[in-house]
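See structure below.
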Amino acid sequence: MNIKTVIGYLLILISSFLLYSIKPPSNIFYISLPILMLTFPIIIGHRVRLRFSIKDLLLGLIVSVIILLPYYLVFGGDFKTISAYYIIFQLLIVSLPEEFFFRGFLQDSIGREFKTVLLVSLLFSIAHLPRAFFFDDWISLLSFFPSIVMGWLYMKTNNILPGTIFHFFANLIYSLPP
Numbered sequence: 001m002n003i004k005t006v007i008g009y010l011l012i013l014i015s016s017f018l019l020y021s022i023k024p025p026s027n028i029f030y031i032s033l034p035i036l037m038l039t040f041p042i043i044i045g046h047r048v049r050l051r052f053s054i055k056d057l058l059l060g061l062i063v064s065v066i067i068l069l070p071y072y073l074v075f076g077g078d079f080k081t082i083s084a085y086y087i088i089f090q091l092l093i094v095s096l097p098e099e100f101f102f103r104g105f106l107q108d109s110i111g112r113e114f115k116t117v118l119l120v121s122l123l124f125s126i127a128h129l130p131r132a133f134f135f136d137d138w139i140s141l142l143s144f145f146p147s148i149v150m151g152w153l154y155m156k157t158n159n160i161l162p163g164t165i166f167h168f169f170a171n172l173i174y175s176l177p178p
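For the sequence shown, position 30 (counting from the first letter as 1) is numbered 30 according to the working numbering, and the numbering increases by one without interruption.
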């Protein structure tokens, strides 16, 4: 792991703690953290792989159905309560920037082995600590487990598209009201 990778991760982690500490939550949080996740890799010259391919799109959808459908069938939830704004927010402000940074930059910078997937999943889970501390959302630390799936998808395809799709659907299903 090189110094740029460490600096990038610490920058995201520290920014997340600082922005989550703003009470009440500000729109600056919802804009600045995703912008930082998208721009840091570009600024340091890291090429993140996001390609549209039917094969990778289908892989993301199939893995989402296989893994998330049983969760939905057990825990349920009401899709009618989700607004179009929330769907766009989850895709463009949460899932895409997080996959861009954590898989496209961190995982790509650290290595191509499964142990890298586990390490980045741990870092991803740690990055969710501010949600736990400031919003008492300790369940968000379980993001380690879907992160393994997202990391595996990136490892197999070298493309953040399938992981972004899985991430998006996992977030939607996790946030469904009963």
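Every residue, glycine too, gets a C-beta built ideally from N, C-alpha and C. Computed from a predicted structure; not experimentally measured.
Any non-hydrogen atom of the ligand NAD within 7 angstroms of residue i CB
i: phenylalanine 17; result: The model depicted lacks the ligand NAD and carries no ligand whatsoever.
Distance between beta carbons of residue j and residue i, contact taken as under 8 angstroms
i: serine 15; j: leucine 38; result: Their Cβ separation, rounded to whole angstroms, is 13 angstroms, which puts serine 15 and leucine 38 out of contact at 8 angstroms.
i: phenylalanine 79; j: leucine 11; result: Between leucine 11 and phenylalanine 79 the Cβ distance is about 36 angstroms, and since that is not below 8 angstroms, they are no contact.
i: isoleucine 110; j: leucine 118; result: That pair is no contact at about 11 angstroms.
i: isoleucine 160; j: glycine 104; result: 5 angstroms
i: leucine 19; j: isoleucine 28; result: 7 angstroms
i: alanine 127; j: leucine 13; result: 6 angstroms
i: phenylalanine 17; j: proline 97; result: Not a contact, Cβ separation roughly 17 angstroms.
i: glutamine 90; j: asparagine 171; result: 5 angstroms
i: serine 26; j: phenylalanine 134; result: Actually they are not in contact, since the Cβ atoms of serine 26 and phenylalanine 134 sit about 12 angstroms apart, beyond 8 angstroms.
As assigned by DSSP and simplified to three states, the class of residue i
i: isoleucine 82; result: coil
i: arginine 70; result: Here the sequence assigns proline to residue 70, which means arginine is not the residue at that position. Reduced to three states, the DSSP call for proline 70 is helix.
i: methionine 37; result: helix
i: proline 162; result: helix
i: valine 48; result: coil
i: lysine 23; result: coil
i: leucine 176; result: coil
i: glycine 111; result: coil
i: serine 64; result: helix
Proximal residues to residue i (C-beta, below 7 angstroms), its chain only, five neighbours per side dropped
i: valine 149; result: Val63, Ile67 and Phe166
i: glycine 77; result: Ile173, Leu176, Pro177 and Pro178
i: serine 121; result: Phe144, Ser147, Ile148 and Gly151
i: tyrosine 30; result: Ile93
Status (buried if at least 16 other CB within 10 Å, exposed otherwise) for residue i
i: aspartate 136; result: exposed
i: leucine 69; result: exposed
i: glutamate 99; result: buried
i: glycine 45; result: exposed
i: phenylalanine 40; result: buried
i: methionine 155; result: buried
i: leucine 141; result: exposed
i: serine 95; result: buried
i: leucine 153; result: buried
Neighbourhood of residue i by C-beta, 8 angstroms cutoff - its chain only, sequence neighbours within 5 removed
i: leucine 123; result: Tyr9, Phe102 and Leu106
i: arginine 112; result: Met155
i: threonine 116; result: Gln107, Ile110, Gly151 and Met155
i: methionine 1; result: Ser109 and Ile110
Element boundaries [alpha helix (DSSP H), containing residue i]
i: tryptophan 152; result: 144 to 157
i: isoleucine 139; result: Looking at the DSSP string, isoleucine 139 is not in any alpha helix (DSSP H), and its letter there is neither H nor E.
i: leucine 10; result: 3 to 20
i: isoleucine 126; result: 114 to 127
i: leucine 96; result: 96 to 101
Neighbourhood of residue i by C-beta distance below 6 angstroms, restricted to the same chain and skipping five residues each side
i: phenylalanine 169; result: Ser64 and Leu68
i: leucine 59; result: Pro162
i: serine 53; result: none
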